[in-house]
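Here the structure is laid out as structure tokens; the discussion comes afterwards.
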Amino acid sequence: MANGLTYIRRTNSVEATKQLAATLAPYVHPGDVIVLEGDLGAGKTQFTQGFAAALDIETPVTSPTFNILLSYYHGRVPLHHMDLYRLDDAAQLEDIGYYELIDGDSDGVAFVEWAEKFPESLPCDYLEVVIRRDPADENARQVRVHSFGPRSRQLLCVWAKDSKSRLQKTA
Ligand SMILES: Nc1ncnc2c1ncn2[C@@H]1O[C@H](COP(=O)(O)OP(=O)(O)OP(=O)(O)O)[C@@H](O)[C@H]1O
Ligand SMILES: [Mg+2]
Numbered sequence: 084m085a086n087g088l089t090y091i092r093r094t095n096s097v098e099a100t101k102q103l104a105a106t107l108a109p110y111v112h113p114g115d116v117i118v119l120e121g122d123l124g125a126g127k128t129q130f131t132q133g134f135a136a137a138l139d140i141e142t143p144v145t146s147p148t149f150n151i152l153l154s155y156y157h158g159r160v161p162l163h164h165m166d167l168y169r170l171d172d173a174a175q176l177e178d179i180g181y182y183e184l185i186d187g188d189s190d191g192v193a194f195v196e197w198a199e200k201f202p203e204s205l206p207c208d209y210l211e212v213v214i215r216r217d218p219a220d221e222n223a224r225q226v227r228v229h230s231f232g233p234r235s236r237q238l239l240c241v242w243a244k245d246s247k248s249r250l251q252k253t254a
């Protein structure tokens with residue numbers, strides 16, 4: 084956690100989660116990696132859909148749980164959406180081209196669900212978005228964002244300054 088920034092936001096609906104993700108889209112560059120953490124059904128894919136819509140990706144963004152990797156090339160920046168839930172072994176990451184997509188030189192931005200299954204294979208620089216349910220409200224989520232590495236710190240700084248994101252700095 085050293086040198087990272089942490090911001091937090093509560094969303095009260097699916098649309099609010101998508102809108103928050105949409106406010107990140109203007110600031111991403113090819114090579115950026117967004118790691119999405121949270122339980123099954125937390126909202127990781129909904130977040131990705133809101134982001135994709137803001138990149139003007141018109142193809143419907145569906146969950147890559149079965150395909151593992153789905154790429155979209157027709158938006159402002161290519162989007163590589165991965166879901167590692169069904170992988171059993173880190174060796175399978177090579178088969179899907181994971182390392183090329185997260186090494187910073189990729190042609191697009193990578194969104195990775197269930198990356199925490201393979202902590203030793205996380206990139207050195209990434210933005211972590213943790214989505215938690217609210218036990219008191221089934222339509223509410225806590226979205227906590229933390230930067231790991233200099234590029235993601237810079238990305239989080241500009242995103243949090245966007246007044247529409249309404250991200251709040253936390254310790
Ligand atoms: N505030 C909210 N933000 C996001 N999703 C919400 C919210 N409130 C309710 N939901 C519901 O939670 C579900 C989130 O599903 P989603 O597929 O995005 O989860 P996921 O984290 O990608 O799960 P998985 O690990 O299975 O891929 C959807 O059914 C959505 O309608
Ligand atoms: Mg999902």
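Numbered per the numbering used here, the sequence shown spans residues 84 to 254. Glycine residues also receive a C-beta, built at the ideal position from the N, C-alpha and C atoms.
query                                                                                                                      : result
Rounded C-alpha distance that separates Y156 from V228                                                                     : 26 Å
K127 (DSSP reduced to helix, strand or coil)                                                                               : helix
Secondary structure of A193, DSSP reduced to three states                                                                  : strand
Exposure label - K244; buried when at least 16 CB within 10 Å                                                              : exposed
Residue nearest to A104 in terms of C-alpha spacing, selected from R236, S235, V226                                        : V226
Residue range of the unbroken beta strand (DSSP E) whose run includes T253                                                 : Run containing T253: none; DSSP gives neither H nor E here.
Spatial neighbours of V118 in its chain, beta-carbon cut-off 6 Å, leaving aside the 5 residues before and after            : V195, A198, Y209, E211
Distance cut-off 7 Å: L127 Cβ against heavy atoms of ligand 2                                                              : Note on residue identity: the sequence assigns Lys, not Leu, to residue 127. Flag set: Cβ of K127 near ligand 2.
For E120, the three-state DSSP class (helix, strand or coil)                                                               : strand
Complete runs of the beta strand (DSSP E) confined to the region 137–199 [at least 3 residues]                             : 152–155, 162–166, 192–196
Nonlocal neighbours in the same chain, by C-beta distance under 8 Å from N86, ignoring five residues either side           : R236
Beta-carbon contacts of P161 that lie in its chain and below 6 Å, excluding the five residues immediately before and after : D190, G191
Length of the line joining the Cα atoms of V111 and L238                                                                   : 7 Å
Buried or exposed by the 16-neighbour rule on C-beta atoms within 10 Å, applied to R169                                    : exposed
V241 (DSSP reduced to helix, strand or coil)                                                                               : helix
Inter-residue Cα distance where the pair is Y181 and E120                                                                  : 17 Å
Identified DSSP bridge partners for S230                                                                                   : L210
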